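Peer 1: If you scroll down you'll find the structure; I have some questions about it.
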Amino acid sequence: MVQETVKNNDQDGSFKRKASSFRDFIQKGGRFEPEKGRYLLYVSYACPWATRTLIMRHLKGLEDIIDVSIVSPRMGENGWPFATVDPFPKATADPLYNSSHVKELYFRADPDYGGRFSVPVLWDKKTHTIVNNESSEIIRILNSAFNEFLPAEKAALDFYPEKLRQEIDEINEWVYDTVNNGVYRAGFATTQQAYEAAVLPLFASLDRLEKILTGKDFLVGDQLTEADVRLFVTLIRFDPVYHGIFKCNIRSIRGDYPALNLWMRKLYWTHPSFNETCDFDHIKESYYWSRPSMNPYRIVPVGPVPHILPL
């Protein structure tokens with residue numbers, strides 16, 4: 001996630017997300033070998049893309065293998081700040097270089113870097129560079145690259161199993177386009193036409209997901225997969241932020257999608273990997289504070305109350 005502006009919009013007012021820049025993998029015999037303690041994840045609790053990686057790290061039991069640094073949720077003109085310049089509760093300092101902002105890491109990795117200063121960042125302490133900043137690839141790295149260091153029961157967990165990959169890839173594709181990124185396309189649209197071209201497919205896809213998850217606990221097969229992780233991080237933010245500041249208000253999750261709401265609540269309340277990586281204070285502060293063009297007084301709404309309903 002990055003502080004997006006209308007600079008990323010087409011002439012018709014539609015938002016276009018730029019591609020991630022660092023796309024290496026951790027693998028035996030490669031530039032980045034799997035090693036315990038070698039890598040660090042820079043993340044934000046506010047960011048859905050970064051939270052994907054936190055959930056996967058927790059699911060796989062990698063807490064003692066990959067370190068984490070949490071940025072403040074309040075993005076300003078310099079992007080994501082560390083606690084050294086904005087000591088927001090639960091934010092941390094950069095433990096490696098005492099950076100003030102995430103963008104300093106990008107310039108450390110590449111002095112001529114000209115892309116987005118986004119999180120998550122998977123960092124290599126040994127070579128002092130970024131391995132990968134694409135969340136969809138980082139979660140697959142975490143899913144399998146460190147299995148040799150894990151106890152058998154954690155190593156056996158596979159959230160992208162070969163027998164389900166085609167189905168996972170298919171659902172990921174349209175969920176990303178219309179839901180994960182669809183909320184941003186609606187929120188960052190600068191014309192009515194571009195907004196409606198995003199918000200209507202978004203709710204059509206939520207209707208489709210409601211049918212898929214009716215009577216089911218998981219999106220694909222009968223097991224938890226990365227498809228669930230990728231959808232969860234958007235839906236958990238939907239009523240608290242996207243419904244309001246991004247104008248995704250045709251329907252709400254809690255009021256209009258009983259199957260989606262139950263699926264989300266089951267993941268949150270029964271899986272520590274989902275609730276322990278979710279911080280609503282960071283989420284709401286970031287979306288409502290960091291976009292003064294949308295919310296010039298930076299007022300953070302009190303509701304919804306509660307942020308997520310109990311089971």
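Residue numbers for the sequence shown follow full-length UniProt numbering, beginning at 1 and rising by one.
Even glycine gets a Cβ: it sits at the ideal position worked out from N, Cα and C.
In this text the structure is predicted, and so the values were computed from the model without any measurement.
To the nearest whole angstrom, what separates the beta carbons of VAL43 and ILE66, a pair I think is in contact under 8 Å?
Peer 2: VAL43 to ILE66, Cβ: 11 Å. No contact.
Peer 1: So PHE246 and ALA194 are supposed to be a Cβ contact under 8 Å. How far apart are they, rounded?
Peer 2: Not a contact, Cβ separation roughly 13 Å.
Peer 1: Should VAL199 go down as buried or exposed, given a rule of 16 or more other Cβ atoms within 10 Å for buried?
Peer 2: Per the 10 Å Cβ criterion, buried.
Peer 1: Assign GLU285 to one of two classes, buried (16 or more other C-beta atoms within 10 Å of its C-beta) or exposed (fewer than that).
Peer 2: It is buried - the Cβ of GLU285 has at least 16 other Cβ atoms within 10 Å.
Peer 1: Could you check what DSSP says for TRP80 in three-state terms: helix, strand or coil?
Peer 2: The answer is coil: DSSP assigns TRP80 none of H, G, I, E or B.
Peer 1: Taking the alpha-carbon positions, what's the LEU213 to LEU267 distance?
Peer 2: LEU213 and LEU267: Cα-Cα distance of roughly 13 Å.
Peer 1: For ILE26, which residues in the same chain have their Cβ closer than 6 Å to its Cβ, ignoring the five residues on either side in sequence?
Peer 2: PHE32, PRO34, ILE141 and ALA145, listed in sequence order.
Peer 1: By DSSP's criteria, LEU40 is part of a beta bridge. Which residues make up the other side?
Peer 2: Paired residue(s): ASP67 and TRP123.
Peer 1: Output the distance between the C-alpha atoms of SER290 and ALA152, rounded to the nearest integer angstrom.
Peer 2: SER290 and ALA152: Cα-Cα distance of roughly 43 Å.
Peer 1: Could you compute how far the alpha carbon of PRO292 sits from the alpha carbon of ARG298?
Peer 2: Taking the straight line from one Cα to the other gives about 6 Å.
Peer 1: Can you name, in chain order, every residue of its own chain whose Cβ lies under 7 Å from the Cβ of THR129, other than the five neighbours on each side?
Peer 2: Hits under 7 Å: ALA109.
Peer 1: Alpha carbon to alpha carbon, how far is residue 317 from GLU226?
Peer 2: In the structure as shown, the chain starts at 1 and stops at 311, and residue 317 therefore has no counterpart that could be examined.
Peer 1: Assess contact between the segment 167-175 and the segment 79-91, defined as three or more Cβ pairs (one per stretch) separated by less than 8 Å. Is contact present?
Peer 2: With the cut-off at 8 Å, the segment 167-175 and the segment 79-91 do not touch.
Peer 1: Tell me the DSSP secondary structure of HIS58 in three-state form.
Peer 2: HIS58: helix per DSSP, three-state reduction.
Peer 1: Once you ignore the five residues that flank ASN261 on each side, which residues in its own chain have a CB closer than 8 Å to its CB?
Peer 2: Cβ neighbours of ASN261 beyond the five flanking positions: ILE253, ARG254 and LEU309.
Peer 1: Could you pull out every residue in the same chain whose Cβ sits closer than 7 Å to the Cβ of SER135, ignoring the five residues on either side in sequence?
Peer 2: Correct list, in chain order: TRP49, ALA50, ARG52, THR53 and PRO120.
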